[in-house]
Amino acid sequence: MIKQTLLGLAVAITPALAFAHSKSEATTPANDATVTEVPELSMRFDDPMRIISVTLTSPDGDVEIERATGMDPVKEFRAMPLEELSPGSYRFDWRGMASDGHPMQGSFSFTVTE
Amino acid sequence: MTGLAPIDGLVILAILAKAIGYGAVLLAMGGVLFSVVFSQRAEVSVLRLARRLAVGAALIGLAVLAVRFGIRAARISGMGLEGASDPVMLGFVWESPLGTAAIWRGMGELAILAILVPRIGQWIAMAGTVAVAISFAQVGHALGEPRGALVVLLVLHLIAAAFWVGALVPLRRAALTPAGADILHYFGNVAAFGVALLIFAGTALAWLLAGSVTALFGTAYGLGLLLKVAIVAMLLGFAAFNKLRLVPALRTEIPGAAHALRQSISMEMLAVILILLATATLTSVTTPPVNL
Chain A
318 MIKQTLLGLA VAITPALAFA HSKSEATTPA NDATVTEVPE LSMRFDDPMR IISVTLTSPD
378 GDVEIERATG MDPVKEFRAM PLEELSPGSY RFDWRGMASD GHPMQGSFSF TVTE
Chain B
39 MTGLAPIDGL VILAILAKAI GYGAVLLAMG GVLFSVVFSQ RAEVSVLRLA RRLAVGAALI
99 GLAVLAVRFG IRAARISGMG LEGASDPVML GFVWESPLGT AAIWRGMGEL AILAILVPRI
159 GQWIAMAGTV AVAISFAQVG HALGEPRGAL VVLLVLHLIA AAFWVGALVP LRRAALTPAG
219 ADILHYFGNV AAFGVALLIF AGTALAWLLA GSVTALFGTA YGLGLLLKVA IVAMLLGFAA
279 FNKLRLVPAL RTEIPGAAHA LRQSISMEML AVILILLATA TLTSVTTPPV NL
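Protein sequences appear in the order of chains A and B.
Quick note: the first sequence, position 92, residue 409 per my numbering, numbers continuous.
Quick note: the second sequence, position 42, residue 80 per my numbering, numbers continuous.
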């Protein structure tokens, strides 16, 4: 009886399934994009994400960036390179925590040309 | 592979700690369930073993809980192991659903220690067992929708699993006692319902989290789940063999039956360890298809 009730319950509400944690939906620059300048680095999420650590690396090593977004959970994260990025390939890495407690990490890459 | 998170040293550490935590929790809950369900049937020495198992496991569970906080802090920090003791990172973990889950689990594990107190103690420990089960519904994908169904199914799945896992060590001992055959026979009958509940709840959860059968084959979560189910099927094979062959052999006092049964139970324990490792991997580095 309990089992039937539970199965009924499970069947009845299946379509209401929602996302338990957020995903990175879009980034600026876009992943694998080639751009001439990078005034800003940004990521958008479909659910608030607490971004804890961010690094921007080029083949020459770490590139300094300044966070415009703090460590509170956000749907949009923004940071700015401290100096104009010279031509080359870059990779942006981040770590953080989704609102459901899952540790999250991700990265995107882009190339800067003259 | 779709829905597979990057795996580094810290992630492997997190998976191992989680699997040990799962084992501790199931043994603690199961030790309590065994000593309550078998209080009138099992011999004093077997019941004492079950209670000690519950207490030892609950203490290990509390220690693992603290260690997992540190590992989680290190993972989110991006600083490596240094992040494990960073107050800001630990604060973030505490504020997250893991903090809520830790309160439920920690209080539950403390309450389980009351199993050593005569009479009233077992009811406090039972409440602790339920609290520990509820703690798992406070974190991760159990927070998704349909929340009510996910919570009820997860709690039932854990209680049924704990009843089985926690009974293995006491039953292995019981096989050597004069009343052992009857206890094992009784366990077989109770466990048949338990296993049905376990499979029902597990299947329903998998269905809610996977969304479709095709999702099982194309995602890391699906393949991990299939691996887990394959080991569970192996475990069920041992359990069925015990119930249908070895326990009747023990009841009719066939020579060597107790030894064979104890060996078979040891194999069940090994299967349980593999299942816990598979589950810890599944819940740490894969994303259920409905969340992709």
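Idealized CB from N, CA, C, for every residue including glycine.
Counterpart residues of residue i in DSSP-defined beta bridges
i	result
A/Met414	A/Arg367, A/Pro420
A/Tyr407	A/Phe427
A/Met397	A/Glu383
A/Ala343	A/Arg361
A/Leu373	A/Val380, A/Phe409
B/Thr40	B/Thr257
A/Val391	A/Met366
Three-state class that DSSP yields for residue i in the structure shown
i	result
B/Val155	coil
B/Met145	helix
B/Val105	helix
B/Leu330	coil
A/Ile319	Its pLDDT being 47, under 50, A/Ile319 is placed unreliably in this model, and the value from its coordinates should be taken loosely. Note: A/Ile319 maps to helix in three-state DSSP.
B/Val170	helix
B/Gly116	coil
B/Arg90	helix
A/Leu402	coil
B/Thr138	helix
Nearest residue (CA-CA) to residue i, options the options
i	options	result
B/Gly137	B/Ala165, B/Phe174, B/Ile153	B/Phe174
B/Leu308	B/Gly294, B/Thr324, B/Leu274	B/Leu274
B/Gln301	B/Phe107, B/Ala62, B/Leu206, B/Ile98	B/Leu206
B/Leu71	B/Gln176, B/Leu264, B/Ile162, B/Trp142	B/Ile162
B/Leu284	B/Val267, B/Leu315, B/Val310, B/Ala219	B/Ala219
B/Leu196	B/Ala258, B/Ala217, B/Val168	B/Val168
B/Ile45	B/Ala258, B/Leu282, B/Leu103	B/Ala258
B/Ala200	B/Val189, B/Thr215, B/Ile114, B/Leu236	B/Leu236
A/Lys392	A/Arg361, A/Leu402, A/Glu357, A/Thr430	A/Arg361
A/Ser406	A/Asp363, A/Met366, A/Val380	A/Val380
B/Thr325	A/Thr428, A/Glu357, A/Met421	A/Met421
Boundaries (first-last residue) of the beta strand (DSSP E) holding residue i
i	result
A/Asp379	378-380
A/Ala350	350-352
CB contact below 8 Å: residue i versus chain B
i	result
A/Ile369	yes
A/Pro346	no
A/Arg412	yes
A/Asp364	no
A/Asp417	yes
A/Pro404	no
A/Pro356	no
CB contact below 8 Å: residue i versus chain A
i	result
B/Arg211	no
B/Ser115	yes
B/Arg143	no
B/Pro125	no
B/Arg110	yes
B/Val233	no
B/Pro286	no
B/Leu196	no
B/Ala156	It should be pointed out that residue 156 of chain B corresponds to Pro in this sequence rather than to Ala. No - not a single Cβ of chain A is within 8 Å of the one on B/Pro156.
B/Leu181	yes
B/Phe130	yes
B/Pro135	yes
First through last residue of the alpha helix (DSSP H) which encompasses residue i
i	result
B/Asn227	218-248
B/Thr321	295-323
B/Ser73	47-75
B/Gly256	251-256
B/Arg185	185-212
B/Arg289	285-289
B/Ile127	Note that residue 127 of chain B is Met in the sequence shown here, rather than Ile. 125-133 is the extent of the alpha helix (DSSP H) around B/Met127.
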